[in-house]
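Enquirer: Going by the numbering used here, the first residue of the sequence shown is number 219, and it counts up by one from there.
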Amino acid sequence: MSKVTFIGLGNMGSPMAKNLLNALKKEGGSLEVYDLNPTAIDELTALGATRANSLHQAVDGASIVVTMLPAGQHVQSVYLAKDGVLAHVAKGTLLIDSSTIDPQTARQVAEQATQQDLLFVDAPVSGGVAGAAAGTLTFIVGGSEQGFTQAKNVLQHMGKNIFHAGEAGAGQVAKICNNMMLGILMSGTCEALNLGIDNGLDPKVLSDIMLQSSGRNWALELYNPCPGVMKNVPASNGYQGGFMSQLMEKDLGLAMQAAVASQTSTPMGGVARNLFCLHNRQGNGEKDFSSLFESYLKRLES
Ligand code: NAD
């Protein structure tokens, strides 16, 4: 059975690697794991994964490598550094990067991989930590048809919906367009609910009205940011869990970078980025992104 390697065992990577490990075990295969943080590796080895003590060891002899890293600079260094992934894998290896990064870096890694007869796809995800744990992530893949077809066989063990967005970098572009839309919808929903509250409306009643009217949207329907309106959402759990506000700021920053590169006008995305940036500077970066709702609340004078 060929060697499969997973690199980057953080909030997302760890549950993804667990699902992949379980699927590989059923097929008689195994998973080798690596992270800079040894404790993250321990968690996976306790479940039956093989420990790699270095990046070199992790990818040596691998036929499939999956990475889930924080940002573009980490992806660049893990893949392209002198002692990185591309320096050690054999021709024909399938490389899947599921991190959310700038499309330029994804294209740069893909180009160098192609020059070495390697298959690289960018495959960022939507669905958050809960989706990673449940194995229900949406993967948005950029790369060749061949890369997509091969990657799908691996990604199906960690997700439910797998889209081919286009050539290299297209997965990242689609992901940041989606998250820019989400940031705009969430900030608009927070704003509308607060306008209603300040003018005497019950937020639950207003939400029910808008859900049957033209203001209906994903944030309102599935992720109401006003505490108490909806059960089982971060707003009703002190804004814990969910998608951290600092990650929304990161994704909106990537959208702005892409907009500058393509000279696209994105005024709403720009406002949303600034709102989340301000919110995070006020100490809310680790709360769920729907906590932006609180920044609109009228403060009682003491
Ligand atoms: P995280 O910071 O929890 O995990 C990243 C892991 O990568 C860490 O364990 C870190 O030690 C490891 N790492 C960093 N550099 C490394 C290196 N050189 N070699 C080996 N390991 C290295 O991040 P996360 O929340 O798991 O997010 C990962 C990616 O997924 C990010 O790009 C993020 O934007 C994206 N994402 C996150 C969420 C979410 O809800 N957390 C949702 C969708 C997408």
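The C-beta atom is built at its ideal place from N, Cα and C for all residues, glycine as well.
1. Name the two residues that bound the continuous beta strand (DSSP E) containing N379.
2. The beta strand (DSSP E) with V222 in it runs from where to where?
3. Please find out if some non-hydrogen atom of the ligand NAD comes closer than 8 Å to the beta-carbon of S463.
4. Count the other CB atoms within 10 Å of the CB of A350; is the residue buried (16 or more) or exposed (fewer)?
5. If you reduce the DSSP assignment to three classes, tell me which class Y457 lands in.
6. If you draw a straight line from the alpha carbon of A386 to that of T332, how long is it in whole angstroms?
7. Could you pull the start and end residues of the beta strand (DSSP E) that V251 belongs to?
8. Starting from S425, trace the alpha helix (DSSP H) both ways and give me its first and last residue.
9. Return the first residue and the last residue of the alpha helix (DSSP H) that F494 is part of.
10. State the start and end residues of the unbroken alpha helix (DSSP H) segment that holds D260.
11. I'd like the list of long-range same chain contacts for K422, defined as Cβ closer than 7 Å, with 5 residues on each side in sequence excluded.
12. Could you tell me if the beta carbon of K378 falls within a distance shorter than 8 Å of some heavy atom in the ligand NAD?
13. Name the residue from E261, L262, D340 whose alpha carbon lies nearest to the alpha carbon of V283.
14. Compute the distance between the beta-carbons of L298 and I225, then report whether it is under 9 Å.
15. Check each candidate in M462, K236, C408 and name the one with the smallest Cα separation from E439.
16. Is L304 close to the ligand NAD? I mean its beta-carbon at under 8 Å from any heavy atom of the ligand.
17. Who are the near neighbours of S480 in its chain, counting only those whose CB is closer than 7 Å to its CB and skipping five residues on each side?
18. On a Cα-Cα basis, can you pick out the residue from Q291, P485, G459, C495 that is closest to I319?
19. Should R434 go down as buried or exposed, given a rule of 16 or more other Cβ atoms within 10 Å for buried?
20. Which residues mark the beginning and the end of the alpha helix (DSSP H) in which F366 is found?
21. Would you mind stating whether G228 and A258 have Cβ atoms separated by less than 9 Å?
22. Would you check if the distance between the CB atom of G353 and the CB atom of F338 is smaller than 9 Å?
23. Leaving out the 5 sequence neighbours to the left and right, which residues in its chain are closer than 7 Å to L403 when beta-carbon positions are compared?
24. Between which two residues does the alpha helix (DSSP H) containing G246 stretch?
25. At a threshold of 8 Å, does P443 count as lining the ligand NAD (C-beta to nearest heavy atom)?
26. Starting from S281, trace the beta strand (DSSP E) both ways and give me its first and last residue.
Expert: With the given structure in hand:
1. Locating residue 379 in the sequence shown gives position 161, where the first residue counts as 1. For N379, the enclosing beta strand (DSSP E) starts and ends at 377–384.
2. Position 4 of the sequence shown, counting from 1, holds the residue named residue 222. 221–225 is the extent of the beta strand (DSSP E) around V222.
3. As a first step, residue 463 is located in the sequence shown; it is residue number 245 there, counting from the start. Because no heavy atom of the ligand NAD lies under 8 Å away, the Cβ of S463 does not count as near it: no.
4. Taking the sequence shown and counting its residues from 1, one reaches residue 350 at position 132. Classification for A350: buried.
5. Sequence index remark: in the sequence shown, residue 457 carries index 239 (1-based). In the structure shown, Y457 sits in coil (DSSP, three-state: anything other than H, G, I, E or B).
6. On the sequence shown, position 168 is the one that residue 386 refers to. On the sequence shown, position 114 is the one that residue 332 refers to. Rounded to whole angstroms, A386 and T332 show a C-alpha spacing of 11 Å.
7. The sequence position of residue 251 within the sequence shown is 33, counting from 1. First-last of the beta strand (DSSP E) with V251: 249–252.
8. Your numbering for residue 425 matches position 207 in the sequence shown. Unbroken alpha helix (DSSP H) run through S425: 421–429.
9. Within the sequence shown, numbered from 1, the residue matching residue 494 stands at position 276. Element bounds for F494: 485–497.
10. Your numbering for residue 260 matches position 42 in the sequence shown. It spans 256–263 - the alpha helix (DSSP H) in which D260 sits, taken as one unbroken run.
11. Position 204 of the sequence shown holds residue 422. Closer than 7 Å at Cβ, skipping near neighbours: V447.
12. Here residue 378 refers to the residue found at position 160 when the sequence shown is read from its first residue. No.
13. Along the sequence shown, one-based indexing puts residue 283 at 65. That would be D340, whose Cα lies nearest to the Cα of V283.
14. Reading the sequence shown from its first residue, position 80 is the one you call residue 298. Reading the sequence shown from its first residue, position 7 is the one you call residue 225. In this structure, L298 sits away from I225, with a CB-CB distance that is not shorter than 9 Å.
15. Locating residue 439 in the sequence shown gives position 221, counting from the first residue. Closest option to E439, Cα to Cα, is C408.
16. For the purposes of this step, residue 304 is identified with residue 86 of the sequence shown, where counting begins at 1. No, the beta carbon of L304 sits no closer than 8 Å to any heavy atom of the ligand NAD.
17. Start at 1 with the first residue of the sequence shown, and residue 480 comes out as number 262. Same-chain partners within the cutoff: there are none.
18. For the purposes of this step, residue 319 is taken as the residue at position 101 of the sequence shown. When each option's Cα is compared against that of I319, the closest is Q291.
19. In the sequence shown, counting from the first residue as 1, residue 434 sits at position 216. Exposed: under 16 other Cβ atoms inside 10 Å.
20. Residue mapping note: residue 366 aligns to position 148 of the sequence shown, counting from 1. Segment 363–373, the alpha helix (DSSP H) holding F366.
21. Here residue 228 is taken as the residue at index 10 of the sequence shown, counted from 1. Here residue 258 is taken as the residue at index 40 of the sequence shown, counted from 1. Result yes, Cβ atoms of G228 and A258 sit closer than 9 Å.
22. Against the sequence shown, residue 353 aligns to sequence position 135. Against the sequence shown, residue 338 aligns to sequence position 120. Cβ distance not < 9 Å, so G353 and F338 don't count as in contact.
23. Within the sequence shown, residue 403 is the residue found at index 185, counting from 1. N435, W436, A437, listed in sequence order.
24. Taking the first residue of the sequence shown as 1, we reach residue 246 at position 28. Here G246 belongs to no alpha helix (DSSP H), and DSSP marks it neither H nor E.
25. Against the sequence shown, residue 443 aligns to sequence position 225. No - the ligand NAD has no heavy atom lying nearer than 8 Å to the Cβ of P443.
26. If you number the sequence shown from 1, residue 281 lands on position 63. S281 -> beta strand (DSSP E) spans 280–285.
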